[in-house]
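Take 0 as the starting number for the sequence shown in numbering that gives the first Met the number 0 and just add one per residue.
Quick reminder that beta carbons are idealized off the backbone N, C-alpha and C, glycines included.
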Amino acid sequence: MSEISPGRPTRVALVDAYSAGHQLVPALDRYGVECVHVRSPHPDIHAVKSKFPDGFVDDIRHDGDVAATAAELRRRGVSRVIAGGESGVELTDQLSAELGTPGNGMTRPGSRRNKYEMVLALRDAGVSHAATIISSDVDEVIEWADSYAGYPVVLKPVASSGRDNVVVCATAEEVRATYQRIISGNDRVGKPNTVVLAQEFLAGDEYFVNTVSLDGGHHTVEIWRYHKRRIEGGHTVHDYAQPLSPDDPKARKLAAYSYQVLDALEIRNGASHAEIMLTAEGPILVECAARIGGGLIPEILDRGLAANQIDLLARSVAEPEAVRRLPSSVFRLLRHIRFVNLINLTDEGVAPSDEAMSAVRALPSWAHTVLMHPEGRPLVRTVDFATQPGFVFLIADDLATLNADFDRLREIEREHLYAGSAR
0 MSEISPGRPT
10 RVALVDAYSA
20 GHQLVPALDR
30 YGVECVHVRS
40 PHPDIHAVKS
50 KFPDGFVDDI
60 RHDGDVAATA
70 AELRRRGVSR
80 VIAGGESGVE
90 LTDQLSAELG
100 TPGNGMTRPG
110 SRRNKYEMVL
120 ALRDAGVSHA
130 ATIISSDVDE
140 VIEWADSYAG
150 YPVVLKPVAS
160 SGRDNVVVCA
170 TAEEVRATYQ
180 RIISGNDRVG
190 KPNTVVLAQE
200 FLAGDEYFVN
210 TVSLDGGHHT
220 VEIWRYHKRR
230 IEGGHTVHDY
240 AQPLSPDDPK
250 ARKLAAYSYQ
260 VLDALEIRNG
270 ASHAEIMLTA
280 EGPILVECAA
290 RIGGGLIPEI
300 LDRGLAANQI
310 DLLARSVAEP
320 EAVRRLPSSV
330 FRLLRHIRFV
340 NLINLTDEGV
350 APSDEAMSAV
360 RALPSWAHTV
370 LMHPEGRPLV
380 RTVDFATQPG
390 FVFLIADDLA
400 TLNADFDRLR
410 EIEREHLYAG
420 SAR
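Here it is as structure tokens:
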């Protein structure tokens, strides 16, 4: 266990640590830092688990009174607040400001959740951005697409996450149908969609950049390229992701642009996950989240990468001086690694059994599996992260093995993985 210098945090609060955020608990515990959990009023309805992860020393429900919740945290000796998930981003910033602890700029805090305000922040900072509008009138969106953006256009909720209702529309009729579906529903935290965001379609390859920031200094932990495929209904699902080498010219360009985005959004402390399209004109932001990336399994990532976001974020809390001395890029590739999204392309099927998954585990490069649903539960067709059956990490010393195992994994899916009896 590392020694904690006097005055360093010994207790932090994590807001809505229902998914990847709970990985911070053991990471911080290794530095002797305890974790208090804060539940926001509107957590991600897809991320809340029936059994909350162990390790928290306390659990506080926020009822809307920021000053009261901050006072509870102060009484418990909390000296840092960290977003445990997307739904906790806004409350994290509010509590940090109220407590006067390290946080992010509060000039326009909504820009870190509201995708339209995000674009405006980039525009005002002179950072490249996508043409975007929001509207409560579908005819206005169609007119904008017809006269300005052209087709296809992308529609999504203004505070979307996890590719919730993110749809590429090729015609005015598709815009009208998608708009109606979004405006008549709720976002992933259960709030009604009162407007819809429309954005120009960005042609190019999409990447994500995971960073950790400390007092305005940014450190790149990993850069991955998304490989996607279009499916029926205008949806684009993630097929798999694979990391870039840090010395790849694209990686350097993406990291530099992501730092411009972080500065424009006033993200000064904590983890961030930026999704960026590398177009013919250069990098352009899809969206940026002021929290850790999803699907992080530190002990698995460490087998293929020389750093991971969870551990660096924990170290930035417990050993800030050591992190300040690190270079801006802290990652390198150790082995070939691929993050594979499981995909159910039918309206039928059930969550796979342990026996069905044995064929996947037998793959030479198989490293880890996370299933999102209990065995035998009926599945719906995969259209986004919330409807995917799970994900698999493949790690190998040579790319040929990785490619062969990936192809075999997709065969197993098509042949039998989601067959079985519903429970």
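Interface flag, residue i vs chain B, CB-CB below 8 Å
i	result
residue 406	The chain inventory of the structure shown lacks chain B, comprising one protein chain alone.
Contacting residues, own chain, Cβ-Cβ under 7 Å from residue i (five flanking each side not counted)
i	result
residue 7	317
residue 66	97
residue 301	307
residue 115	131, 133, 157, 196
residue 278	201, 202, 203
residue 260	121, 126, 273, 284, 287
residue 86	15, 39, 41, 42, 43, 188
residue 400	363, 364
residue 411	358, 359
Identity of the residue in the options nearest residue i by Cα
i	options	result
residue 60	15, 291, 208, 21	15
residue 298	306, 68, 354	306
residue 350	373, 224, 329, 209	373
residue 119	196, 304, 314	196
residue 284	273, 291, 292	273
residue 43	311, 19, 34	19
residue 263	35, 107, 77	107
residue 315	101, 63, 93, 83	101
residue 27	248, 39, 9, 211	9
residue 398	151, 342, 303	303
residue 293	270, 380, 109	270
residue 371	361, 142, 342	342
residue 138	113, 166, 84, 173	173
residue 418	199, 356, 366	356
residue 275	30, 255, 152, 267	255
residue 366	338, 267, 123	338
Neighbourhood of residue i by C-beta, 6 Å cutoff - its chain only, sequence neighbours within 5 removed
i	result
residue 185	191
residue 37	12, 14, 59, 61
residue 226	238, 239
residue 340	237, 387, 390
residue 368	391
residue 258	217
residue 117	110
residue 335	395, 398, 401
Burial state of residue i, where buried means 16 or more other Cβ atoms lie within 10 Å
i	result
residue 239	buried
residue 347	exposed
residue 327	exposed
residue 404	buried
residue 345	exposed
residue 423	Since the first residue of the chain shown is 0 and the last is 422, residue 423 is not available in this structure.
residue 383	buried
residue 215	exposed
residue 68	buried
residue 131	buried
residue 376	exposed
residue 231	exposed
residue 282	buried
residue 105	exposed
residue 99	exposed
residue 79	buried
residue 242	buried
residue 49	In this prediction, residue 49 has a pLDDT of 45, which is less than 50 and means its spatial position is unreliable; what the coordinates show is noted afterwards. Under this definition residue 49 is an exposed residue.
residue 414	exposed
residue 144	buried
residue 83	buried
residue 198	buried
residue 320	exposed
residue 381	buried
residue 250	buried
residue 93	buried
Beta bridge counterpart(s) of residue i as assigned by DSSP
i	result
residue 239	226, 339
residue 281	278
residue 206	224, 275
residue 191	185
residue 10	33
residue 216	213
residue 269	212
residue 198	131, 153
residue 286	274
residue 234	166
Neighbourhood of residue i by C-beta, 8 Å cutoff - its chain only, sequence neighbours within 5 removed
i	result
residue 54	21, 24, 25, 28, 34
residue 407	362
residue 32	3, 8, 9, 10, 11, 313, 316, 317
residue 1	Note that residue 1 scores a pLDDT of 35, beneath 50, so its modelled location is shaky; the value from the coordinates is reported in the next line. Cβ within range, chain order: 29, 30, 31, 317, 318.
List, from N- to C-terminal side, the alpha helix (DSSP H) runs of 4 residues or more that fit wholly inside the region 100–180. 114–123, 137–143
Curious, which full-length beta strand (DSSP E) runs of at least 3 residues does the region 341–411 contain? 365–370, 389–395
Enumerate, from N- to C-terminal direction, the unbroken alpha helix (DSSP H) stretches of 4 or more residues contained entirely within the region 16–98. 23–28, 65–74, 88–98
Which whole runs of the alpha helix (DSSP H) in the region 301–327 are 4 residues long or more, in chain order? Counting whole runs of 4 or more residues, the region 301–327 contains the alpha helix (DSSP H) stretches 308–317, 319–323.
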